[in-house]
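Presented below is the structure to which this report refers.
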Amino acid sequence: FDGANSDFLKGVVAMSGLPPSDRVEVCFAGRSNVGKSSLINALTNRTRLARASNTPGRTQEINFFTLSDSHYLVDLPGYGYANAPLAVVEKWQKLLKQYLLGRANLRRAFVLIDTRHGIKAVDEEIMSLLDSSAVTFQAVLTKADKVKEKDREKVLKQVREKLSKHPAAFPEIVLTSSEKGDGLAELRAIIAGLD
Ligand code: GTP
Ligand code: MG
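Taken in order, the sequence shown gives residues 23 to 217; the numbers are from UniProt numbering.
See the structure below:
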């Protein structure tokens, strides 16, 4: 796919608003500001399809994008944003949980990890939640351009170690940069290969 058929479909704030589960679906989860929306834009070759922002917590709904007539891409609200009001956090967490555990056509969850920071406690919480769901998840390192090549191995090692403790984790890690384009072709191929 090249983005020509990519479009914003809808933003969802409750399970009742989900589109029909008639396409292969992959979602992008990760801490606030990790680069979920930017990655969706980069994957689809569209600069403003998903709204990316410097303000953490920008994406507050579950946003559905059509990737092709057979795939949906899903941009999830970021977690771990310390300044969000508690009531808001609890609402997101509930929706996120319902979505991750209940979406029948969800084939893979990509858990995005900032290459500078590695896996944090909040990421482990999502990974544990995914362990209890039927969904395989895959770690995607973001903003690789911000870390020198020689320093990446340390992060990869930490991520590999943490992933090995999660039964739902797919062992292969994808290193990406939405800015420079690293890893995008690999990720596109992974998504296209799911059915
Ligand atoms: P929320 O919606 O708030 O959860 O954030 P998000 O995960 O969607 O992050 P978003 O894509 O909005 O990106 C956050 C910031 O990181 C923006 O300022 C982006 O420009 C920047 N960013 C995202 N990806 C990259 C990357 O690959 N390299 C660099 N250098 N910056 C990036
Ligand atoms: Mg976002």
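Beta carbons are placed, not taken as given, at the ideal position from N, Cα and C, and that holds for glycine. It should be emphasised that the depicted structure is a prediction, and the values quoted were computed from it without experimental measurement.
Taking DSSP as the reference, what is the three-state secondary structure of residue i?
i: Asp167; result: helix
i: Tyr94; result: strand
i: Glu194; result: strand
i: Asn85; result: strand
i: Ala26; result: coil
i: Val157; result: coil
In whole angstroms, give me the CA-to-CA distance for residue i and residue j.
i: Arg174; j: Thr137; result: 7 Å
i: Gly205; j: Ile195; result: 10 Å
i: Ala26; j: Ala166; result: 26 Å
i: Ala143; j: Ala191; result: 16 Å
i: Thr88; j: Arg182; result: 31 Å
i: Thr158; j: His188; result: 10 Å
i: Glu201; j: Ala64; result: 8 Å
i: Ile62; j: Asp145; result: 19 Å
i: Ala211; j: Ala106; result: 35 Å
i: Val111; j: Gln82; result: 10 Å
i: Ser28; j: Phe86; result: 10 Å
Compare the Cα-Cα distances from residue i to each of the options and report the closest residue.
i: Pro42; options: Arg182, Val196, Asp91; result: Asp91
i: Lys168; options: Phe159, Leu185, Gly140; result: Gly140
i: Met171; options: Ala191, Ala190, Thr198; result: Per the sequence presented here, residue 171 reads as Glu, with Met not at that position. When each option's Cα is compared against that of Glu171, the closest is Thr198.
i: Trp114; options: Lys179, Val34, Gln160; result: Val34
i: Leu122; options: Val96, Gly102, Val110; result: Val96
i: Leu98; options: Ile84, Val110, Phe23; result: Ile84
i: Leu185; options: Ser155, Glu47, Met149; result: Met149
i: Ile213; options: Ala72, Val177, Asp145, Ala131; result: Ala131
i: Glu208; options: Arg73, Ser59, Val162, Arg68; result: Val162
i: Tyr101; options: Cys49, Met37, Ser54; result: Ser54
i: Gln120; options: Asn105, Ala36, Gln82; result: Ala36
i: Ser155; options: Thr66, Asp29, Gly124; result: Gly124
i: Leu134; options: Val48, Arg70, His93, Lys116; result: Val48
i: Thr66; options: Phe23, Gly215, Leu178; result: Phe23
i: Lys116; options: Thr164, Thr69, Leu151; result: Leu151
i: Leu128; options: Ser38, Asp29, Asp44, Gly39; result: Asp44
i: Gly52; options: Thr164, Leu31, Leu40, Tyr94; result: Thr164
i: Leu216; options: His93, Tyr103, Gly203, Leu178; result: His93
How is the beta strand (DSSP E) around residue i delimited, first residue to last?
i: Ala131; result: 128 to 136
i: Asn32; result: Here residue 32 turns out to be Lys, not Asn, going by the sequence shown. First-last of the beta strand (DSSP E) with Lys32: 29 to 34.
i: Glu47; result: 46 to 52
At which residues does the alpha helix (DSSP H) containing residue i begin and terminate?
i: Ala207; result: 206 to 214
i: Val111; result: 108 to 124
i: Val56; result: Where Val56 is concerned, there is no enclosing alpha helix (DSSP H), given that its DSSP letter is neither H nor E.
i: Ser150; result: 143 to 153
Quick one: does residue i have its CB under 8 Å from some CB of chain E?
i: Leu128; result: Of the protein chains in this structure there is only one, and it is not chain E.
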